[in-house]
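Student:
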Amino acid sequence: MPDHSEQLIHLVYEASLDNSLWPELVLTLAEQLESARETLPASEQQSSIFNMAQHFLRAFSISERIVDLQEREGQHRAVLNTFSFGLALINEQGETIMKNSAMMAQPKIARLFDKTTTPLLRCPLTETEQSMKQWVSQINRTDEPSALALPTKGAANLLMLPRREAVRMGFPPKAAAVLLVTNVGENDGIRAFAAEHGLTKRETDLLAAITQKSDLKQAAAEIELSYESARTYLKRIYNKTGSRSQVDLIQNLHKGPLSVLRKRRTLEEEQHRVRRLMQLKDGRILEYFILGPKTGRPVVHFDALAGITVDIVGNPAGVLTHLEKYNIRLITPCRPGGFRSSPKTMTSLRDFSGDVVELLDHLEVDRFTVFAVSFGAGSAMAVAHEMQARIDRVVLSAAPYPEYLPPNWRDLDLFYQMSGVLGRKWPAMLRQMLPFLIRSIMQNVDRYFDRYISKTKSAYDVAALSNPFIRSRMAEMLAERTAAGMSGMVEENVLNAQGWDFDVANITVPVEIYHGALDNVAPLAGAALMVSRLPNGILTELPEHGHYHHLTGWPWLLARAVGSDVSVGEDTYVIPKYIIPDS
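Residue numbers (my numbering): 1163 to 1745.
Structure follows, in structure tokens:
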């Protein structure tokens, strides 16, 4: 084995224990394998690779178990955060071991966990006020649960359980006490109850107010409704729900299991009906994203790995402004095995074309243009090869071309190392490593972007990838895309890496490629080689830009895709401000 083999083996086992090191491992592995290929005789190459494989098998086994535990912890936390009631485990010092997000829903309750102060809790029966630590000590001496309240004259909606009582209920013994809080946030019971019985919005508002105020007059005042109107609405609610009284109504409401869960959010993409499903002729399900004027010019979009360039899922209103400006109907088909699309055995990127044909026929789209970014260009060009009779134009941004083999591959970014070296020469190893790499990015998205930023020479890429909204959306969309498994993403990457099984010289439709001069993921020279082989291709070099110029430049790229007279860089997208989630 090469001299640096011990360093590689050490890194293999480090990565198995620390998932964030997988990108570093990919780079080192690519270097080692290429070095073995260049310097060792064929017989020794085989032995060297076999020895590496043995270590990898052990490391993958360790890593899979650790990553499973990490992901399971995240899943458990997500489940706890769906509860409408607050839950916290407290130690002997009155400090928090863990808490769910409902505990932080109301500022007054959230202040209980402020380490810079010593908040007090009150016993309504005795009016005694003590710190959290003192209450933990007291209830464990008496071994009795205690109803507590905030120092203000509010309702006693807190309950503290002593350790022994909590353990009997199944809580871990590590917690000296368990604090439960009711009425800290809206639950989903009212929404579900209203939907089940066909309540109007105003009737639903009154029902919600009644659950908080009990008294009808106070509830009516809460929603700025006259008492007489409230009585009329309440009678309608009784008739619709089969309730005989206010007590009966509340009992019926709380019979539903959704009353223990947080109120379901209505996402912006739901309001715009962005995410849709259709059944294909062979029975598989195809998910697609769609947004824009119904009579707009259709553009079929193939995004990169994560799918956040034209983020019609995360920011539909912001995207729609640009789509309406250029009268564009944007259609993004989700490739097999991605998001909610059923998996499909594929031997070529061209195999996806049949799904696209069915989708466009379903949408009654005859002619269209294609817009693709980064590694989505492979699927886009495959579809263009098969469907060019219906395509007016193809616009590519930062497109890789597998036929180009850069001499300086060691200086390029992780994704070229992964596809251009591992995927091309050792596809089986790519199939093994890619799932762990994707997990690494989802769990360590900041480290991944920081690594890229440290290497890029483009100030534009640094600005875009430093944005917390982009980082958050990358992790969210990767999780969505791979929720049903990673086989779809893996196979698409392998097919891309192995080289396209079609000749771009046969694509006669106009193809425009816009490429950053400082792109260190898909080198500019690769785009130049592709254009030289296209019968009707044009390459526009973007000075000072890197690989990710489309994150803000997609409006002008889309405009040019539909033939609008828009200059390069004329219209750009403002990335939304990042809002820290409450969970």
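Every residue gets a Cβ at the ideal spot worked out from N, C-alpha and C, and that includes glycine. If you're wondering where the values come from, they're calculated on a predicted model, not measured in any experiment.
To the nearest angstrom, how far is it from the Cα of residue 1444 to the Cα of residue 1532?
Tutor: Here residue 1444 corresponds to residue number 282 of the sequence shown, with the count starting at 1. Here residue 1532 corresponds to residue number 370 of the sequence shown, with the count starting at 1. Cα-Cα distance, rounded: 25 Å.
Student: Identify, in the order they occur along the chain, each residue of the same chain with its Cβ nearer than 7 Å to the Cβ of residue 1745, setting aside the five sequence neighbours on each side.
Tutor: Stepping through the sequence shown from its first residue, residue 1745 is reached at position 583. Residue confidence for residue 1745 is low, a pLDDT of 49 falling below 50, so the modelled location carries little weight and cannot support an answer.
Student: I'd like to know whether the C-beta atoms of residue 1508 and residue 1657 end up nearer to each other than 8 Å.
Tutor: Here residue 1508 corresponds to residue number 346 of the sequence shown, with the count starting at 1. Here residue 1657 corresponds to residue number 495 of the sequence shown, with the count starting at 1. Yes, Cβ-Cβ distance for residue 1508 and residue 1657 is below 8 Å.
Student: Identify the continuous beta strand (DSSP E) that holds residue 1133 and give its terminal residues.
Tutor: The chain is shown only over 1163 to 1745; residue 1133 falls outside these bounds and no answer can be derived.
Student: Could you give the distance in angstroms between the alpha-carbon of residue 1501 and the alpha-carbon of residue 1579?
Tutor: The residue labelled residue 1501 in the question sits at position 339 within the sequence shown. The residue labelled residue 1579 in the question sits at position 417 within the sequence shown. Near 26 Å, if we compare the C-alpha coordinates of residue 1579 and residue 1501.
Student: From residue 1308 to residue 1230, what distance separates their C-alpha atoms?
Tutor: Locating residue 1308 in the sequence shown gives position 146, counting from the first residue. Locating residue 1230 in the sequence shown gives position 68, counting from the first residue. Residue 1308 and residue 1230: Cα-Cα distance of roughly 38 Å.
Student: In terms of residue numbering, what span does the alpha helix (DSSP H) encompassing residue 1354 cover?
Tutor: For the purposes of this step, residue 1354 is identified with residue 192 of the sequence shown, where counting begins at 1. Its alpha helix (DSSP H) spans residues 1351 to 1359.
Student: With DSSP as the reference, label residue 1732 as helix, strand or coil.
Tutor: As a first step, residue 1732 must be located in the sequence shown, where it is residue number 570. Residue 1732: coil per DSSP, three-state reduction.
Student: I'd like the ranges of any beta strand (DSSP E) spanning at least 3 consecutive residues and lying wholly in the segment 1531 to 1605.
Tutor: Runs of the beta strand (DSSP E) inside the segment 1531 to 1605: 1553 to 1559.
Student: Based on the DSSP output, what are the partners of residue 1702 in its beta bridges?
Tutor: Position 540 of the sequence shown, counting from 1, holds the residue named residue 1702. Beta-bridge pairing links residue 1702 to 1676.
Student: Could you tell me the alpha carbon to alpha carbon distance between residue 1694 and residue 1425, rounded to whole angstroms?
Tutor: In the sequence shown, counting from the first residue as 1, residue 1694 sits at position 532. In the sequence shown, counting from the first residue as 1, residue 1425 sits at position 263. If I take the Cα positions, the gap works out to 56 Å.
Student: Determine the DSSP secondary structure at residue 1696, reduced to helix, strand or coil.
Tutor: On the sequence shown, position 534 is the one that residue 1696 refers to. Note: residue 1696 maps to coil in three-state DSSP.
Student: In the structure shown, what three-state DSSP assignment does residue 1188 receive?
Tutor: The residue you call residue 1188 lines up with position 26 of the sequence shown. In the structure shown, residue 1188 sits in a helix (DSSP, three-state: H, G or I).
Student: Looking at the structure shown, is residue 1435 part of a helix, part of a strand, or coil, going by DSSP?
Tutor: Stepping through the sequence shown from its first residue, residue 1435 is reached at position 273. DSSP places residue 1435 in coil when its eight states are reduced to three.
Student: With 16 other CB atoms within 10 Å as the buried threshold, where does residue 1331 fall?
Tutor: On the sequence shown, position 169 is the one that residue 1331 refers to. Per the 10 Å Cβ criterion, exposed.
Student: Leaving out the 5 sequence neighbours to the left and right, which residues in its chain are closer than 8 Å to residue 1301 when beta-carbon positions are compared?
Tutor: What you label residue 1301 is simply residue 139 of the sequence shown in a count that begins at 1. Closer than 8 Å at Cβ, skipping near neighbours: 1307, 1308, 1322, 1323, 1324, 1339.
Student: With which residues is residue 1450 paired in a DSSP beta bridge?
Tutor: Here residue 1450 corresponds to residue number 288 of the sequence shown, with the count starting at 1. 1438, 1495.
Student: What's the gap between the Cα of residue 1577 and the Cα of residue 1697?
Tutor: For this step, residue 1577 is matched to residue 415 along the sequence shown. For this step, residue 1697 is matched to residue 535 along the sequence shown. Rounded to whole angstroms, residue 1577 to residue 1697 spans 29 Å at the Cα level.
Student: Counting Cβ pairs, one atom from each stretch, are 3 or more of them under 8 Å apart for the segment 1708 to 1723 and the segment 1581 to 1595?
Tutor: No, because fewer than three Cβ pairs between the segment 1708 to 1723 and the segment 1581 to 1595 fall closer than 8 Å, the two stretches do not touch.
Student: From residue 1255 to residue 1336, what does the alpha carbon distance come to, in whole angstroms?
Tutor: As a first step, residue 1255 is located in the sequence shown; it is residue number 93 there, counting from the start. As a first step, residue 1336 is located in the sequence shown; it is residue number 174 there, counting from the start. For residue 1255 and residue 1336, the distance between alpha carbons rounds to 12 Å.
Student: CA-CA distance, residue 1538 and residue 1470?
Tutor: Position 376 of the sequence shown, counting from 1, holds the residue named residue 1538. Position 308 of the sequence shown, counting from 1, holds the residue named residue 1470. Rounded to whole angstroms, residue 1538 to residue 1470 spans 12 Å at the Cα level.
Student: Excluding sequence positions up to five away, which residues of its chain have a Cβ less than 7 Å from the Cβ of residue 1478?
Tutor: The residue you call residue 1478 lines up with position 316 of the sequence shown. Once the five neighbours on either side are set aside, the close Cβ partners of residue 1478 are 1430, 1431, 1434, 1436, 1453.
Student: As a quick exercise: from 1563, 1368, 1179, 1660, pick the residue whose alpha carbon is nearest that of residue 1586.
Tutor: As a first step, residue 1586 is located in the sequence shown; it is residue number 424 there, counting from the start. Closest option to residue 1586, Cα to Cα, is 1660.
Student: Where does residue 1711 sit, in a helix, a strand or coil, going by DSSP?
Tutor: Sequence index remark: in the sequence shown, residue 1711 carries index 549 (1-based). Residue 1711 falls in the coil class under three-state DSSP.
Student: Put residue 1344 into one of helix, strand or coil per three-state DSSP.
Tutor: Counting from one through the sequence shown, the residue named residue 1344 turns up at place 182. Here residue 1344 sits in coil by DSSP.
Student: Rounded to the nearest angstrom, what separates residue 1604 and residue 1458 at their Cα positions?
Tutor: Taking the first residue of the sequence shown as 1, we reach residue 1604 at position 442. Taking the first residue of the sequence shown as 1, we reach residue 1458 at position 296. Their backbone Cα atoms lie some 35 Å apart in a straight line.
Student: For the segment 1239 to 1280, which segments carrying the beta strand (DSSP E) assignment without a break, of at least 3 residues, lie completely within its bounds, in sequence order?
Tutor: DSSP runs (the beta strand (DSSP E)) wholly in the segment 1239 to 1280: 1248 to 1252, 1258 to 1261.
Student: Given that a residue counts as buried once 16 or more other Cβ atoms are within 10 Å of its Cβ, and exposed if not, what is residue 1714?
Tutor: Taking the first residue of the sequence shown as 1, we reach residue 1714 at position 552. So residue 1714 counts as buried.
Student: Nearest CA to the CA of residue 1551: which residue from 1528, 1687, 1712?
Tutor: Within the sequence shown, the letter at position 389 stands for residue 1551. Cα-wise, what sits closest to residue 1551 is 1528.
Student: Where does residue 1512 land, buried or exposed, given buried means 16+ other C-beta within 10 angstroms?
Tutor: The sequence position of residue 1512 within the sequence shown is 350, counting from 1. Buried: at least 16 other Cβ atoms inside 10 Å.
Student: So, residue 1607 versus residue 1636, is the Cβ gap smaller than 8 Å?
Tutor: Translated into positions along the sequence shown, residue 1607 becomes position 445. Translated into positions along the sequence shown, residue 1636 becomes position 474. For residue 1607 and residue 1636, yes; Cβs fall inside 8 Å.
Student: Quick one: residues in its chain with C-beta nearer than 6 Å to the C-beta of residue 1610, no 5 flanking neighbours on either side, listed in chain order?
Tutor: In the sequence shown, residue 1610 corresponds to position 448, counting from 1. Within the same chain, residue 1610 has close Cβ partners 1603.
Student: Any idea what DSSP makes of residue 1199, helix, strand or coil?
Tutor: Mapped onto the sequence shown, residue 1199 falls at position 37. The answer is helix: DSSP assigns residue 1199 an H, G or I state.
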